[in-house]
Each structure stands twice: as structure tokens, then as C-alpha cells.
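Undergrad: Here it is, the structure, as C-alpha cells.
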Amino acid sequence: MASTVKDLKPKHDSQFYTDERSGRIVSEENMQDNFYKEAAQEVLKDAAIAQQSRGSQEESVTPSDRAPVIMSNETDDGQSDPAPESDTATETDPAPTADSTSEPDDSSGGFDDFDFVEAYDDEPAGFDDRMLSENRAASAIKCAFLGVGGGGGKLAKAFLDLGFTKTLLVNTTVKDQPEGVPSEHFLLLPGADGVGKDIMLGKKVLENNSASVEDTLRTRIGSVDWLFVLAGGGGGTGSACHILQESLDRYLKSVGASGKVVYVVTKPTSQELLNPTIASNYESLSSDVALHPHILIDNEKQLQLLRGKVGMLGLYPTANRNFAKLFWQVLKLASENSPIQSFDSKDLERMLGTTGRMVIGSTVARDVSKQDIGAMLYQGCLKSSPCPNPGGKASTGVMLLIMTPQMASDPDVSKKIEAAFSYVGGRTDTLFSGVYVKQPLPGLIAISVIGGF
Ligand SMILES: Nc1nc2c(ncn2[C@@H]2O[C@H](COP(=O)(O)OP(=O)(O)OP(=O)(O)O)[C@@H](O)[C@H]2O)c(=O)[nH]1
Ligand SMILES: [Mg+2]
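Counting in my numbering, the sequence shown runs from 35 upward without gaps.
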């Protein structure tokens, strides 16, 4: 078309023109007539050439059918390229049109009869290439970790480092993202660059993005039974985490989970609690999670246990790692068989599902010949626990003992172990216990979890 316009240059005045192709002088009216005729002929000629070059398969395709594709593939000289071939746009597909409301194209003939074929080629529902790989860390239950806010994210990273790949960190800023966390484990929520300890803003941002969190859990974490939500109490983001409860429940339900959301939240240090905002944020979080299964980590107690052993920089990373390893032992031992007494996944699930607060701790008894070993193990677990002391009688308890083969074959030790179980059993309504044999060990190791207060 463009070449036809160039050929028809005005020669005289506005009423007569020379048609340079024929050499004849034509009136303006005739010229316009000829112009449109020639233009139409040119278009038909172009279309015929294009059809030939595309081969016989496209004979039924008219230039107008091709229009949107041609437009998008126009080359510098104004000529149109054939539509590019790709895996998704095959020759049998009607060319995509800009107008989505246009009538369906019947020219595809019988190809619609086979449009089911690709549906069977698809990956099964639920597959997504953003899906995080299965946890490498051994565990009796299928679980995931969701860290909310700066402290929550750092705690979550400690589990990721152990091999719990089903870990996601959610925050309102990238600034307190722990180092060394691959981006696929991080979800940045838009709406604020951190919330500066403003729990109301934290709740607003989390609530506004709850659908995105839910969706990301489904696409990256997928099917798990238990979801551990980790948060630092006192800040504005982590302390707001409970606002996600409804979305988290919906996610767990949608993947057919048999477990629940379990919160792991930290209590600020004594120094931090002097600040009224930190204190009220923490109060708000602890009352939000009170009626859910939860573990409270006492930062003051935890840091006191480490001060003098670890420098300032290493305090939280070491505390986080110690807690993650302790908790992991419980998840892992429940997956192991014992020749003596097993604590199985059902016992673990009963423990984790208990409403209220849980206290987890461990201790080592180097001298197993002592008479009061039962009391020693129980008190030792509480004393060296990162959690605040239990308040009242526990409804559920777990006592796991790990001993060497020598200890396991010593009748004297066996008697004392019985005493240890009855000591703890008397302090909880239901006690689950397990005895595992391993070596080398620094002594008799006890891990206890008591909960329901
Ligand atoms: N155990 C533990 N506690 C931490 C860690 N980092 C921070 N905390 C605690 O968590 C509290 C809240 O801090 P952050 O988690 O950084 O706060 P946030 O949730 O990001 O909230 P904003 O920064 O206000 O948006 C702090 O006052 C600390 O007591 C950590 O690595 N481990
Ligand atoms: Mg923060």
C-alpha cells in the first residue's frame, strides 16, 4: 500500500493527477477510485504471496484473521513476518486476537475436538516450579516454618539451616532479612518499609496481604500437616502475626492437613520490657496466642544462659540454633524406632495439639548412679530450658531419654529410669515417654516437653 501512494504524486493542480504507472492524466475523483482499487489489488497480491510462502496449510487464513499477529511482527521495512512458532502458540491454535470479546473462530475445523490432549499433558494439580523441596531434616511429622518479622525470620532461618527447606520468611522490609536466605524462602509484603514497632500498622499490612501469604504457602510450601509460626514479641510485624490465623487455617485445610498452627514466640529481655511500646506489643502477642498451642522463648533467660560464653554478635544466632536443634530432636526422635520404648508420631501430635503454652528443655546427667535421678532430670530440663517456667500443672508431658548401650543394659539404671518417668508422670495428666539408645553421648540425656498451661 505504501508504494502505491508514492506512485500517485499530484502533477498539476488539485483536480488532475498523473498516474505514473499508466502515464495517464486522471481527475481527482477517478484517481481516488483508482487509488482504492489499486490499493485493494495490492493487498490481495501481498496476501497471495504471503500465503504461498507459508505453505498450503494456511490457505483458508485471510489477511484479516492474521492482522493482530502481523502487526506485532512488522519488520523495519513494514513487511510482515509470519507469526513466530512457539510451544504454546501452535499452527492449530487460532491466532490470538486483541479483542477478547470477538466471536470464536470456527475455521479451526476439527482441532477443537483434540484440545483435551494438552490438559492431560499438564503437571498434576498442586505442582508449581516455585514449590520448595521436601524437608531434608528427619521428622515424624510433615511440617513447615513461617517466620514473621525480623526475629521470627532469624528463628526460621535456624530451622532452614537444619534442613527444614519448607521454611518461609515474611516481612514488611528486606532490611532485617537474615543473610544467607535464598530469595525463594522470602516473601516481602508491600505497604510499609518496616512498621517501626507499630503493631496496628503491622496488623494492617499483614491483613492486607493475608491472601498473598496464604497463596505463597500453597504454592511454595504445599502439603504439610503442621505449621510453626515464629515471631519475635515486642516488634510491630512479628507481634502482629496472629492476624494471619484465619488465612493459615484456611491454607492448612486446603492441603488436607491433620495438624494445626503452633506459635513459637519470643518474650523480650528485661531491658527491652522497660520500653512501654515493646511491653504492650508483647502483651498483645502473648494474649493473641494464649488459646493456641504455643511455645514461649524467654530471651532474658536464654541470653543469660549464653552471656559470658558467646559474644554479643553471636548471642541470638547461637540461641536460635540451640532452640532449633532442641526442637528438632523431639520431631526426629518421634520418627525413630526404639528397642525399649518409642515415642511415636501420634504421641508427638497429641503433644503439639495441646492448647496453651508448652515448655521444652533438655539436660544431661553425667552421673547416672545418683539416687534422685528422676527429680534431677525433670528439674534440669526446666532449669536449662529457654522457656519461662511452667505455670501450674501440665495437662500433657513428654519425657525422652537417650542413653548409651552400657546404660541400657545396666539393671540399676533401668530402675532409676522408671523412677524418672513416674516423677514426671505425677506432674502431668498424660505422659508420653521414649527411651533411645545411641552413642557416643556425654551422659544420660533427657528432653522434656510439658504443655497445656
Ligand atoms: N530469640 C530471638 N529473639 C529475637 C531475635 N531477633 C529479635 N528478637 C526479639 O524480637 C523482638 C522484636 O524484634 P523484631 O522481630 O526485629 O521486630 P519485627 O517483628 O521485625 O517488628 P518491626 O521491626 O517493628 O517491624 C526484639 O525485641 C527481640 O527481643 C532473634 O534472632 N532471636
Ligand atoms: Mg523488623
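All C-beta atoms, glycine included, are put in the ideal place defined by N, C-alpha and C. Every value quoted in this text rests on a predicted model; they were computed, and no experiment measured them.
For SER448, name the three-state secondary structure that DSSP assigns.
TA: Of the three classes helix, strand and coil, the one that applies to SER448 here is helix, per DSSP.
Undergrad: With a threshold of 8 Å, are at least 3 pairs of Cβ atoms found where one atom belongs to the stretch 460-470 and the other to the stretch 389-401?
TA: No: the two stretches stay apart, fewer than three of their Cβ pairs being nearer than 8 Å.
Undergrad: Should GLU93 go down as buried or exposed, given a rule of 16 or more other Cβ atoms within 10 Å for buried?
TA: Low local confidence applies: a pLDDT of 41 at GLU93 is under 50, so the model's placement there is unreliable, with the coordinate-based value given in what follows. The residue is exposed, with fewer than 16 neighbouring Cβ atoms inside 10 Å.
Undergrad: Compare the C-alpha of PHE466 against each of SER244, HIS276 and GLY485 and name the closest.
TA: For the residues SER244, HIS276 and GLY485, the minimum Cα distance to PHE466 belongs to GLY485.
Undergrad: On the DSSP bridge assignment, give the partners of ILE481 in chain order.
TA: Partner(s): SER396 and LEU434.
Undergrad: Given the structure, does GLU306 come close to ligand 1, in the sense that its CB is under 7 Å from one of the ligand's heavy atoms?
TA: Yes; taking the cut-off as 7 Å, the Cβ of GLU306 has a heavy atom of ligand 1 nearer than that.
Undergrad: Could you pull the start and end residues of the alpha helix (DSSP H) that ALA358 belongs to?
TA: Counting along the chain, the alpha helix (DSSP H) containing ALA358 begins and ends at 346-367.
Undergrad: Rounded C-beta distance between PRO302 and TYR316? I'm assuming under 8 Å.
TA: Sure, about 5 Å apart at Cβ, within 8 Å.
Undergrad: Out of ASP406, PHE198, VAL258 and GLY184, state which residue places its alpha-carbon closest to the alpha-carbon of LEU223.
TA: Of the candidates ASP406, PHE198, VAL258 and GLY184, the one whose C-alpha sits nearest the C-alpha of LEU223 is GLY184.
Undergrad: Over the uninterrupted alpha helix (DSSP H) stretch that includes CYS415, give me the two end residues.
TA: Note, CYS415: alpha helix (DSSP H), 407-417.
Undergrad: Where does VAL469 fall in DSSP's three states?
TA: The answer is strand: DSSP assigns VAL469 an E or B state.
Undergrad: Just how far apart, CA to CA, sit GLY387 and GLU152?
TA: Going from the Cα of GLY387 to the Cα of GLU152 covers about 43 Å.
Undergrad: What's the gap between the Cα of LEU194 and the Cα of PHE179?
TA: Cα to Cα, the separation comes out at about 8 Å.
Undergrad: Please list, in chain order, all residues of the same chain as PRO422 whose beta carbon is under 8 Å from its beta carbon, the five residues on each side excluded.
TA: Excluding sequence neighbours, PRO422 sits near LYS301, LEU330, ASP332, LYS335 and VAL393.
Undergrad: For ALA442, report the span of its alpha helix (DSSP H) as first-last.
TA: Residues 439-442.
Undergrad: With LYS335 as the anchor, note down where its alpha helix (DSSP H) starts and where it stops.
TA: 333-340 is the span of the alpha helix (DSSP H), which, as asked, contains LYS335.
Undergrad: Less than 7 Å separating the Cβ of ALA358 from some heavy atom of ligand 1?
TA: Not so, every heavy atom of ligand 1 lies at least 7 Å from the Cβ.
Undergrad: Where ALA454 and ASP406 are concerned, what is the direct C-alpha to C-alpha distance, given to the nearest angstrom?
TA: Taking the straight line joining both Cα atoms gives about 8 Å.
Undergrad: Under the rule that 16 or more other beta-carbon atoms within 10 Å means buried, what is SER244, buried or exposed?
TA: The residue is buried, with at least 16 neighbouring Cβ atoms inside 10 Å.
Undergrad: Is PRO302 near ligand 1, going by C-beta to nearest heavy atom under 7 Å?
TA: Under cutoff, so the answer is yes.
Undergrad: Within the continuous beta strand (DSSP E) that includes ALA265, where are the two ends?
TA: ALA265 -> beta strand (DSSP E) spans 260-266.
Undergrad: With hydrogens ignored, establish whether the beta-carbon of VAL215 is closer than 7 Å to any heavy atom of ligand 1.
TA: It does not: the Cβ of VAL215 is nowhere closer than 7 Å to a heavy atom of ligand 1.
Undergrad: For SER369, would you say it is in contact with chain C, using Cβ-to-Cβ distances shorter than 8 Å as the test?
TA: The structure shown has no chain C; it contains just one protein chain.
Undergrad: Any idea if TYR470 is buried or exposed, counting beta-carbon neighbours within 10 angstroms, 16 or more meaning buried?
TA: With 16 or more other Cβ atoms within 10 Å, it is buried.
Undergrad: Considering only DSSP beta bridges, list what VAL182 is partnered with.
TA: DSSP lists VAL204 and ALA265 as partners of VAL182.
Undergrad: Along the chain, where does the beta strand (DSSP E) containing THR311 start, and where does it finish?
TA: From DSSP, THR311 is part of no beta strand (DSSP E) but of the alpha helix (DSSP H) over 310-323.
Undergrad: Quick one: Cα of MET433 to Cα of LEU360, how far?
TA: Rounded to the nearest angstrom, the two C-alpha atoms are 13 Å apart.
Undergrad: Closest by CA to PHE357, which one among ASN309, SER419 and LYS200?
TA: Cα-wise, what sits closest to PHE357 is SER419.
Undergrad: Are there any heavy atoms of ligand 2 lying less than 7 Å away from the beta-carbon of THR207, as far as the coordinates show?
TA: Yes, the Cβ of THR207 comes within 7 Å of a heavy atom of ligand 2.
Undergrad: Mark ASP381 as exposed unless 16 or more other C-beta atoms lie within 10 angstroms of its C-beta, in which case mark it buried.
TA: So ASP381 ends up on the buried side.
Undergrad: Would the beta-carbon of GLY187 fall within 8 Å of that of PRO212?
TA: Going by C-beta atoms, GLY187 is nearer than 8 Å to PRO212.
Undergrad: Between ILE175 and SER379, is the Cβ-Cβ spacing less than 8 Å?
TA: A contact, by the Cβ cut-off of 8 Å.
Undergrad: Could you say which of PHE148, ASP147 and THR250 lies nearest to ASP163 if we only look at CA atoms?
TA: The option with the nearest alpha carbon to ASP163 is THR250.
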